[in-house]
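A short write-up of the structure that comes next.
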Amino acid sequence: MISSSKNILFIVLFLIIFIYIFSLPPVFSTGDGGELITASYGLGTPHPSGYPLYVQMGKIFSFLPLGNIGIRIEIVSVFFSILALFIVYLIIFRLSGSTREGYLAGVASIILLAFSYSFFGQSIVAKFYTLNVFFVLLLVFIGVYTVLNGYDRRMQFLASFVLGLTLSGHHTGFMMIVPLFILSLFYYREFLKNCFLSIIFFFAGFSVNLYLYMRGIKESLFSMISVKDWNSFVNVFLRKSYGASSSIETTSYGFVDFNGYMYAFKNYFYLIEKNFTLFSIPFFILGLIWLFKKSKKLFAFIFVSFFVYSIFLAKLTFSTPKLDSHILYVVGHQYFIPSFSIYCIVAGSGLYLMYTIFERLNLQLLKKVVPVIVLFFPLLMGMHRLTDQYQRWNYVPYSYTKELFSSLPVSPIYMTFGDNHAFQAWYIKLVGKYREDICHITLDNYNTMVWALQGCKPYKLYRGILPEFFGGNLKDLTDKKRFYSIVALSEKHPLYRVVDSHLYFYNFIYIARSSDKKEFAEFFKERIKKIESFLNYEDCLTHGTDERYTNMLCDFSGLAYIAVAKALEPLHGEETSFDQTITYGDFMAPLKINVKIGNENQKYIDKYRAIRTYNALNRFYLLEGDR
Amino acid sequence: MKKIIILVLLIVFLLSMRALLTQKSFIERAQKTDNSIQAIRYYERVLLFYVPMSPYNKNAVNGILEKCEYVQDLEQKLYCYETLRTSLYQVRSFFIPYEDEIEKLNPLIAELRAKQMIQWKYNNFSDKDYQRLYNYHMEILKYDGSPSVFWSIIVIFSLIGWISSIIFLIFKGFVNKKYLSLALTSYLIFFTLWILGLYMA
């Protein structure tokens, strides 16, 4: 019976891989994408906790002699996503006792998961979340296997080893220790006899983190923070630089302010509704009932696993009274993929229960029709993904940064603040080796002048072409009109007292306050007319995704259209005011520009408006509807 | 293991399909447009979807070089040469396709950068600074901080090796002493190689 329909699983997986591969961003994704690709290619160290296993997986794929380095490393996500989906299927199939109904329920569950908004989204970008979910599901599988087949010390060792490995990826993977420990303590005390060897296997897995030290003591192509000794290792590994968001601080939030659990539940429920629709909830409840009836151990293990990755994790990271697009994107869209996978395992079990009820009641018609509906309903979600997450033509992060670089004169300083601009610039400069004459510096905090110089190494090469910068004479550099930045200055910024930030292209130019304003106006007009040809409005009108940072980049790119319109403004014309005020956390840099509009510059204003409309920030799928 | 290999092959096959379709789409667009910068951008996208032995690769390289000859403005010329160079670097794997082109591009780019620094009227450079600036830029262009290909391969294969040895040890090592020593030996060898590779790469 099963073998006759075995092809369904193969066809479904093929379809998923096909859609994922065709949905990958063509060069790199926004957010951490540029940084993780650069670190993987250069065997470097990305932001804490360093993600050494992901980086090395990325390096393996970077050798594929096909496409570009960026898309090759994005494939890591597809690869582990498919393995994770297969484990979801396998767990449901094994739970059902390897029956045909279990097989169909397993296939339906992976379709449901594969085309859910967040799982799909994480499967096509260069990020470590699918590697993490693969480990979590492997540990869930070990737990389920133990309940179904009895205690086996090999499974204990494997679980210990995998738990060690999770600490070289995203640390949330390690939270699986809670359900595994509870299962072992209550039902399999034999595990205590093998604890010593387990610890050894755990440290064997953990030893992947030695990568951080070995690469830290070398001058590698890219390193966000170098690990050179025990203290720096602890800082990176425990993400201490994130302060209140460091690993230990965050975990402690689970045990204070219990009212927060109410928001955690509410917010998490919202994500379930957006990712799987309310249609899935009855199946989830049925699944819980079936698991409870089948085995209390099984129920306890899966329920605790689900709780840890859903409500508990939401309490730590996602329990704000009001959700906004930032938290939905940065937390809601990323952290809960393991819980969604477990949710689908339970929903799949519910589906299996429904099939068995049909079988028992001899409802032949329903038995035939319902599986077809259940298989095809989640496929409809796939159609949605092709309109909101299809990033095949999303060249925005790549072209935006490349055009920005192209607009700069030779040997400038280019300063960024915030992840998006910096990570993209690192890829373009360090992997792409484009415009290596640019010395790219990044600001760690908006209101300081503490720079990181990953994009300007080795220093000895840049000293010759930028003696002003290395000699500390920034004034000279601004007089030479070679200091550019993504940062508009507000009065909170230390540079605000000495320089003005003027609109340039996609960015700003810093000019000394004492400089001649008329001379600058002439420079601006002349310069903008010259670089106008690098403008590329096409990508921001065709990227076909609601991806949050892509929309933000395009929204930000509006600056360039206003700059060109300003440079080309007629002597007389209707004056329009554009408010491009930029906020940086608590700071606000006001930017109001008046432009006279005439035939000479009308088309740039039209393009500006078209891009703003296409990239409206409320397009984001998780933001739609009431919360 | 067989399933993993099938998965990788399937991914490679589908990526090749996507790459070829993308190359075809952009080469047609590049040939149609009158805008030089746009054409360069499209040719660049053809190269970014490099497929070994695809005829579109060479067409795109030639297409960009043709445009570089055509554009007169120094900044656009620099953009053009730099675009070709970055496209080739971004598709490198064990080797850099059309590496000889990069060798030819470096002096051209250094020359354009040096000239532009002199022409940038806000700098205080004159023609006598040309050689010095040219040398600085050549040095930057020649520098490559990428890890060694050989040692990188050692790193990734030895990592897979020692992780596999541990899994083998867990499943077979406790059953048979012969397997135990085999697993431990291979673990030690792969782990040592991994550490060495990380340092050398």
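So the sequence lines, in the order shown, correspond to chains A and B.
Heads up: the first sequence begins at 28 in the numbering used here, then just goes up one per residue.
Heads up: the second sequence begins at 180 in the numbering used here, then just goes up one per residue.
We treat Cβ as the ideally placed atom computed from N, Cα and C, and that holds for glycine.
Just so you know, these numbers come straight off a predicted model, no measurement behind them.
query, result
"Hey, how far is the Cα of A:Ala479 from the Cα of A:His448?", "14 Å"
"Along chain B, in chain order, which residues have C-beta atoms closer than 7 Å to that of A:Tyr486?", "None at all; the shortest Cβ gap to chain B is about 12 Å."
"Taking 7 Å as the CB-CB limit, is A:Gly625 close to chain B?", "no"
"Decide yes or no for the touch test of the segment 352 to 367 of chain A against the segment 138 to 146 of chain A: beta carbon pairs closer than 8 Å, at least 3 of them.", "yes"
"In the DSSP output, what is A:Thr469 paired with across the bridge?", "A:Thr443 and A:Ala479"
"Based on Cα-Cα distance, which residue from A:Phe547, A:Ile513 and A:Gln83 lies nearest to B:Val334?", "A:Gln83"
"In chain A, what lies closer than 8 Å to B:Val334 by C-beta?", "Leu70, Gln83 and Lys86"
"How would you list, in chain order, the residues of chain B whose beta-carbon sits under 7 Å from the beta-carbon of A:Tyr238?", "Leu377"
"Could you tell me the alpha carbon to alpha carbon distance between A:Tyr533 and A:Arg412, rounded to whole angstroms?", "30 Å"
"Tell me whether A:Leu350 sits in a helix, a strand or coil according to DSSP, three-state version.", "coil"
"Starting from the C-beta of A:Ile137, find all residues in its chain whose C-beta is less than 6 Å away, skip the five residues before and the five after it, and write them out in chain order.", "Leu112, Val115 and Tyr116"
"Out of curiosity, what's the CA-to-CA distance linking A:Leu199 and A:Val263?", "Rather than Leu, the amino acid found at residue 199 of chain A in this sequence is Thr. Their Cα atoms are separated by approximately 16 Å."
"Mapping the DSSP letters down to three states, classify B:Lys182 as helix, strand or coil.", "helix"
"Let's test the definition: count the other Cβ atoms within 10 Å of the Cβ of A:Arg654 and tell me whether it reaches 16, buried, or not, exposed.", "Below a pLDDT of 50, predicted positions are generally treated as unreliable, and A:Arg654, at 43, falls in that range; the measurement from the model is reported next regardless. Classification for A:Arg654: exposed."
"Let me see if you follow: with CB-CB separation under 7 Å, is A:Pro52 close to chain B or not?", "no"
"Could one say the Cβ of A:Ser433 lies closer than 7 Å to chain B's Cβ atoms, at least one of them?", "yes"
"Grab me the residues of A:Asn563's own chain with a C-beta within less than 8 Å of its C-beta, minus the 5 sequence neighbours each way, in chain order.", "Ser426 and Glu430"
"Since B:Thr371 meets chain A, which of its residues come closer than 8 Å, beta carbon to beta carbon?", "Going along chain A, no residue has its Cβ under 8 Å from B:Thr371, so there is no contact; the nearest lies around 12 Å."
"Could you confirm whether any beta carbon from chain A is found closer than 7 Å to the beta carbon of B:Lys181?", "no"
"In whole angstroms, give me the CA-to-CA distance for A:Glu217 and B:Leu363.", "25 Å"
"From the DSSP output, in three-state form, read off A:Asp653 for me.", "Confidence is the limiting factor: at A:Asp653 the pLDDT is only 45, short of 50, which leaves the residue's position unreliable and the question unanswerable from this model."
"Relative to chain A, which residues along the segment 239 to 271 of chain B have a C-beta separation below 9 Å, given in chain order?", "Asp252, Glu254, Gln255, Leu257, Tyr258, Glu261, Thr262, Arg264, Thr265, Ser266, Tyr268, Gln269, Val270 and Arg271"
"According to DSSP, simplified to helix, strand and coil, what is A:Lys660?", "This structure cannot settle anything about residue 660 of chain A, because the visible part of chain A is limited to 28 through 654."
"From the DSSP output, read off the bridge partner residues of A:Tyr611.", "A:Phe614"
"Are the C-beta atoms of B:Ile319 and some chain A residue less than 7 Å apart?", "yes"
"So which residues on chain B does A:Met241 lean against when the C-beta distance must stay under 7 Å?", "Ile374, Leu377 and Tyr378"
"Give the interface partners of B:Pro326 over in chain A, defined as CB-CB distance under 8 Å, in chain order.", "Gly69, Leu70, Ser247 and Leu248"
"Against A:Asn563, what residues of chain B qualify as contacts under a CB-to-CB distance less than 9 Å, listed in chain order?", "Ile216, Gln217 and Arg220"
"I need the DSSP call for A:Asn621, collapsed to helix, strand or coil.", "strand"
"Between B:Leu194 and chain A, is any beta-carbon pair separated by less than 7 Å?", "yes"
"Which stretch, first to last residue, makes up the alpha helix (DSSP H) that contains A:Ala515?", "That residue, A:Ala515, is in no alpha helix (DSSP H); it is neither H nor E in DSSP."
"Report buried or exposed for B:Ser327, applying the criterion of at least 16 other Cβ atoms within 10 angstroms of its Cβ.", "exposed"
"Leaving out five residues before and five after A:Ile204 in sequence, what residues of the same chain have Cβ atoms less than 7 Å from its Cβ?", "Leu190"
"Under 6 Å Cβ to Cβ from A:Val254, same chain only, skipping five residues before and after it: list those, please.", "Leu239, Tyr240, Gly243, Phe260 and Val263"
"For a test of the three-state rule: what should DSSP assign to A:Thr193, helix, strand or coil?", "helix"
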